[in-house]
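I have placed the structure first, in the form of structure tokens, so that the comments after it can refer back to it.
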Amino acid sequence: MAEQTRVDVELPVLPVQVHAQYVKDFSFENPNAPDSLRAGAGRPDMDVNIVLDAAKINDESNPDLYESSLKLTVRSLRDGAPLFIAEIVYAALVTVKDIPGPQIKSLLYVDIPQMLFPFARQMLASAVSNGGFPPLLLTPIDFRAMYANSAKKDADGLAA
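If you read the sequence shown in the numbering used here, its first letter stands for residue 40, the second for the next number, and so on.
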């Protein structure tokens, strides 16, 4: 039998503590049902909009408390008529310690939304399916690229 060696390793403590993940707002509209549910019509157009937000929470007992939120809006249209509109604002309440200011912003606009996205996507997919439509499959989002593009636009705006 092979001899096993035990190595004690101290795991690093992450500078982020997630206190809660929650639905802040949720809506599903199926305005033209049952007509919108008829089979055989053409393929619908899909419009997906993503909005990220973050805010420092005023809490005397925890000065490092933030809320990071992800808003996903999906509109489906066929021949200009709405099939469904689904929207969710999914958020997290987090404490961020020992991270420099610019990195906090990146954490709140990249890392936390990356964590939230699968949960928000699942809730939207479930609502769309329960609304009588085929499953909604949102592809993963590159939040880092979104953040970099936003930072570049901000820098370009300041330079103008």
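Every residue, glycine too, gets a C-beta built ideally from N, C-alpha and C. Note that this is a predicted model, so its numbers are computed, not measured.
May I ask you to report which of helix, strand or coil DSSP gives Q142?
-> The residue given as residue 142 occupies position 103 in the sequence shown. If DSSP states are grouped into helix, strand and coil, Q142 belongs with the helices.
By the 10 Å Cβ neighbour count, where 16 or more other Cβ atoms means buried, how is P73 classified, buried or exposed?
-> Numbered from its first residue, the sequence shown carries residue 73 at position 34. Exposed.
Would you mind working out which of L163, P54 and K144 sits nearest F123, comparing C-alpha positions?
-> Numbered from its first residue, the sequence shown carries residue 123 at position 84. Comparing Cα-Cα distances from F123 to each of L163, P54 and K144, the minimum goes to L163.
Straight-line Cα distance separating F182 from V87 | Position 48 of the sequence shown holds residue 87. Position 143 of the sequence shown holds residue 182. Using only the alpha carbons, I get a separation of about 14 Å.
L111 versus R45 - alpha carbon distance = For the purposes of this step, residue 111 is taken as the residue at position 72 of the sequence shown. For the purposes of this step, residue 45 is taken as the residue at position 6 of the sequence shown. Their backbone Cα atoms lie some 46 Å apart in a straight line.
Among S108, P83, S100 and Y129, nearest to S66 - alpha-carbon criterion = Walking along the sequence shown from the start, residue 66 turns up at place 27. It is Y129.
Any idea what DSSP makes of Q43, helix, strand or coil?
-> Here residue 43 corresponds to residue number 4 of the sequence shown, with the count starting at 1. Coil.
Bridge partners of F156, per DSSP?
-> Here the question's residue 156 lines up with position 117 in the sequence shown. F156 is not bridged to any residue.
Of the listed residues P157, D150 and N188, nearest to L176 (C-alpha basis) = Within the sequence shown, numbered from 1, the residue matching residue 176 stands at position 137. Considering only alpha carbons, the answer is P157.
Once you ignore the five residues that flank G81 on each side, which residues in its own chain have a CB closer than 8 Å to its CB?
-> Against the sequence shown, residue 81 aligns to sequence position 42. Here the set comprises R117 and D118.
Could you give the distance in angstroms between the alpha-carbon of G140 and the alpha-carbon of E106?
-> If you number the sequence shown from 1, residue 140 lands on position 101. If you number the sequence shown from 1, residue 106 lands on position 67. Taking the straight line joining both Cα atoms gives about 15 Å.
Figure out for me which residue from E68, S115 and N71 has the closest Cα to the Cα of D84.
-> For this step, residue 84 is matched to residue 45 along the sequence shown. Closest option to D84, Cα to Cα, is S115.
Burial state of V62 (16 or more Cβ within 10 Å) = Taking the sequence shown and counting its residues from 1, one reaches residue 62 at position 23. Under this definition V62 is an exposed residue.
Which residues in the same chain have their Cβ closer than 7 Å to the Cβ of L155, if we skip the five residues on either side of it in sequence?
-> Reading the sequence shown from its first residue, position 116 is the one you call residue 155. The answer, listed in chain order, is Q60, L109, Y129 and A131.
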